[in-house]
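Just so we're aligned: the sequence shown equals residues 6 to 527 in the working numbering. Here's the structure, in structure tokens; my notes come after.
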Amino acid sequence: MFESYFMILLYFSVLMFLGYRASLRVRSMNDFVIGGKSLSFWVAAFSAQATGESAWLLLGLTGMGAMVGFSAYWVVVGEFLGVAAAWFLMATRFKRLTDKYDSMTVIDYMVSRFKSKTHLLRVLSALVLSIFVMIYISAQIDATGSAFETFLNWNYLTGAIVGFVFVATYCIAGGFLAAAWTDMFQGAVMLICLMLLPLVTFLSLSNAGSIYEGLRAIEPGLVNMWGSGGFNLMNLSVVIGMGLIGLGFLGSPQVFARLIAIRSETQINRGKWVAILFTILVDFSAVSIGVLGRYIFTTQGVEPDTVLGNGAQNVLSELVEYTFPPWLVGLYVAAVLSAIMSTVSSLLVMAAGSITHDLYEKIYNPMLTDVDAARLCRRITIVLAACSLGVAIVVSILSPDRTIFWFVIFGWAGIAATFCPMIILSLFWPRFTERAAIASMLTGFSMTIISKFVLQTLDGVGPYFVALETMPPSFLSALIVGYLVTIMWPDEELEASYRQELASLEELSVNVELPPSTASNA
Numbered sequence: 006m007f008e009s010y011f012m013i014l015l016y017f018s019v020l021m022f023l024g025y026r027a028s029l030r031v032r033s034m035n036d037f038v039i040g041g042k043s044l045s046f047w048v049a050a051f052s053a054q055a056t057g058e059s060a061w062l063l064l065g066l067t068g069m070g071a072m073v074g075f076s077a078y079w080v081v082v083g084e085f086l087g088v089a090a091a092w093f094l095m096a097t098r099f100k101r102l103t104d105k106y107d108s109m110t111v112i113d114y115m116v117s118r119f120k121s122k123t124h125l126l127r128v129l130s131a132l133v134l135s136i137f138v139m140i141y142i143s144a145q146i147d148a149t150g151s152a153f154e155t156f157l158n159w160n161y162l163t164g165a166i167v168g169f170v171f172v173a174t175y176c177i178a179g180g181f182l183a184a185a186w187t188d189m190f191q192g193a194v195m196l197i198c199l200m201l202l203p204l205v206t207f208l209s210l211s212n213a214g215s216i217y218e219g220l221r222a223i224e225p226g227l228v229n230m231w232g233s234g235g236f237n238l239m240n241l242s243v244v245i246g247m248g249l250i251g252l253g254f255l256g257s258p259q260v261f262a263r264l265i266a267i268r269s270e271t272q273i274n275r276g277k278w279v280a281i282l283f284t285i286l287v288d289f290s291a292v293s294i295g296v297l298g299r300y301i302f303t304t305q306g307v308e309p310d311t312v313l314g315n316g317a318q319n320v321l322s323e324l325v326e327y328t329f330p331p332w333l334v335g336l337y338v339a340a341v342l343s344a345i346m347s348t349v350s351s352l353l354v355m356a357a358g359s360i361t362h363d364l365y366e367k368i369y370n371p372m373l374t375d376v377d378a379a380r381l382c383r384r385i386t387i388v389l390a391a392c393s394l395g396v397a398i399v400v401s402i403l404s405p406d407r408t409i410f411w412f413v414i415f416g417w418a419g420i421a422a423t424f425c426p427m428i429i430l431s432l433f434w435p436r437f438t439e440r441a442a443i444a445s446m447l448t449g450f451s452m453t454i455i456s457k458f459v460l461q462t463l464d465g466v467g468p469y470f471v472a473l474e475t476m477p478p479s480f481l482s483a484l485i486v487g488y489l490v491t492i493m494w495p496d497e498e499l500e501a502s503y504r505q506e507l508a509s510l511e512e513l514s515v516n517v518e519l520p521p522s523t524a525s526n527a
């Protein structure tokens, strides 16, 4: 046990050191929110992907692999397509526009893109984002408590508070740079640990060649890519739901903040390959951990929940203890905390920056100095973190049977359905209007709640919506509403202006690195 605590202490020490180093570079609001647009491709890519994955990857997806077997690999396909589309199709245009608009946040970009004459879009975006960010952060804090409880037998509440204190501390100190630098470190920890565990486990099995037959003996559906029962409407719904999880990479503010902060388009062209490779490796490894755990720890007729916890979300910890000596357990606690804290830190800084910059500074106090803005942003970070901790504790009491998978996916889907359709249409459809953007955003927000708490409870069709999860219907509804409102209430002047902006950007297409004085060598 001493070795585990030493490893965790070392991990927290690195985070605090990086937070301290980042704090030395924070001299303005721009530094606190987007790191002075100084990220290299390594930091940006690792940070974006580590932020997007979260506790869902190490606890939720591994558990899903144990529950359903091979069909969970559809998540890998979906995440690959989502990440590829974001980096290959959207990143360059988004970077060019945000640089042209001098945007500090995704909401800044939206307001500039639509030439907003009122504050309605800014206010609604910031409020909606803050609500789902708190839900998403709460899910991560909940996972922190569960991780300490599972690996080290800590009290759930103690673990949640300890994780909360550390991540809030380095975020408050170093802002966006602290989040990005720690994401780079934490992403590396996640990658190494996730790849190492299934590989070592597989090589240590004396009967590794019979894994396929062993899984089929436990439950034939485990080796069927369509799940138990083969291809049918219900399994198709499950596969669609898993495959479309990657939609959240197509414009979620916490991910696209890295594209605003990256140094140049040249860095994007390099970073996209890092992001793709990282996604494939960690997602494939996570599902494989679950599949191997199901093979090792269960037998025919034994439900995985009874052996591996609710939603099989303890499969990672069980497989670590089965495969590795005790001193390595601490490394895997650090890996789980890495997935959690990389997301929490990014969300906290983004939400606090949005409230400070998009709401308070832009609307109520345009004369706010950089120093005062950064100070206020730190205070709002503390408030958001404390509120999220409260939500996590309340949910743990009211819903003891919750799974990390659905809790995290609800927050992820809410942010994605609210912002991604709006970002996609704003980038690629010149006719898209501000009115349509607001309608799309409100539709995605409301449909996430309706899908989870209304559609999934309906007789007959409810189970299919449960299988789909909240992302597909919410995302699709937001896209359709955005399209229809644009067609019904066009804005020809805005369309002509945006087409002109795109034409000028295409003519320039200049990739210029920031001068060494402002660029980070991290």
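Positions of the beta carbon are idealized from the N, C-alpha and C atoms, including for glycine.
{"Query": "Spatial distance of M109 from G40 (CA atoms)", "Result": "10 Å"}
{"Query": "Expected contact under 8 Å - CB spacing of F37 and A356 to nearest Å", "Result": "Not quite, the Cβ-Cβ distance comes to about 13 Å (not below 8 Å), so this is no contact."}
{"Query": "Chain D within 8 Å of A27, Cβ atoms only", "Result": "Protein chains in the displayed structure number just one, and chain D is not present."}
{"Query": "Whole-angstrom C-beta distance between T303 and I223, which should lie under 8 Å", "Result": "6 Å"}
{"Query": "Spatial neighbours of Q605 in its chain, beta-carbon cut-off 7 Å, leaving aside the 5 residues before and after", "Result": "Since the displayed the chain opens at 6 and closes at 527, residue 605 lies outside it and no answer follows."}
{"Query": "Unbroken stretches of the beta strand (DSSP E), 3 residues or longer, contained in the region 247 to 282", "Result": "none"}
{"Query": "F137 to P405 span [Cα, whole Å]", "Result": "21 Å"}
{"Query": "First through last residue of the alpha helix (DSSP H) which encompasses M372", "Result": "It is not in any alpha helix (DSSP H) - M372 carries neither H nor E in the DSSP assignment."}
{"Query": "Neighbour-count burial assignment, Y78, 16 or more Cβ in a 10 Å radius", "Result": "buried"}
{"Query": "Buried or exposed by the 16-neighbour rule on C-beta atoms within 10 Å, applied to P539", "Result": "Shown here, the chain extends from 6 to 527; a query on residue 539 therefore has no answer."}
{"Query": "Own chain partners of L1 with C-beta closer than 7 Å, once the 5 adjacent residues on each side are dropped", "Result": "The structure shown does not extend to residue 1, since the chain is modelled only from 6 through 527, so no value can be given for it."}
{"Query": "Inter-residue Cα distance where the pair is P468 and G87", "Result": "25 Å"}
{"Query": "Any 3 or more C-beta pairs closer than 8 Å across the region 478 to 498 and the region 262 to 272", "Result": "no"}
{"Query": "Beta-bridge pairing of L44 - partner residues as DSSP gives them", "Result": "I267"}
{"Query": "Supposed contact pair I429 and G256 - C-beta distance, whole angstroms, cut 8 Å", "Result": "6 Å"}
{"Query": "Of the residues A421, G192, V244 and L63, the one placed nearest G16, counting alpha carbons only", "Result": "Looking at the sequence itself, residue 16 is Tyr, so the reference to Gly does not match. If we check each option's Cα against that of Y16, G192 comes out closest."}
{"Query": "Where D496 falls: helix, strand or coil (DSSP)", "Result": "coil"}
{"Query": "Cβ contact (3+ pairs, closer than 8 Å) linking the region 54 to 68 and the region 313 to 322", "Result": "yes"}
{"Query": "Cβ-Cβ separation, Y161 to G150 (assumed contact under 8 Å), whole Å", "Result": "4 Å"}
{"Query": "Q318, DSSP secondary structure in three states", "Result": "coil"}
{"Query": "8 Å contact criterion, which A344 and M446 should meet: CB distance rounded", "Result": "About 28 Å separates the two Cβ atoms, so there is no contact after all."}
{"Query": "For N35, the three-state DSSP class (helix, strand or coil)", "Result": "helix"}
{"Query": "Of the listed residues V325, A27 and V133, nearest to I443 (C-alpha basis)", "Result": "V133"}
{"Query": "Per-residue DSSP class, three states only, for F85", "Result": "helix"}
{"Query": "Three-state class that DSSP yields for L352 in the structure shown", "Result": "helix"}
{"Query": "Alpha-carbon spacing of F190 relative to S351, whole angstroms", "Result": "14 Å"}
{"Query": "Per-residue burial, Y369 [other beta carbons within 10 Å of its own, 16 or more giving buried]", "Result": "exposed"}
{"Query": "Proximal residues to A266 (C-beta, below 6 Å), its chain only, five neighbours per side dropped", "Result": "I39, G40, K42 and L44"}
{"Query": "Same chain only: Cβ atoms within 6 Å of A213, ignoring 5 sequence neighbours per side", "Result": "F207"}
{"Query": "When R436, R440, F424 and L432 are compared against M452, the one with the closest alpha-carbon", "Result": "F424"}
{"Query": "C-beta atoms of A391 and L353 nearer than 8 Å", "Result": "no"}
{"Query": "Candidates L126, P478 and A91, of which the one nearest A441 by Cα", "Result": "L126"}
{"Query": "At least 3 beta-carbon pairs within less than 8 Å: the region 100 to 116 vs the region 392 to 399", "Result": "no"}
{"Query": "Residue closest to V400, alpha-carbon to alpha-carbon, out of S59, S143, A27 and F433", "Result": "S143"}
{"Query": "Burial state of D107 (16 or more Cβ within 10 Å)", "Result": "exposed"}
{"Query": "Status (buried if at least 16 other CB within 10 Å, exposed otherwise) for E366", "Result": "buried"}
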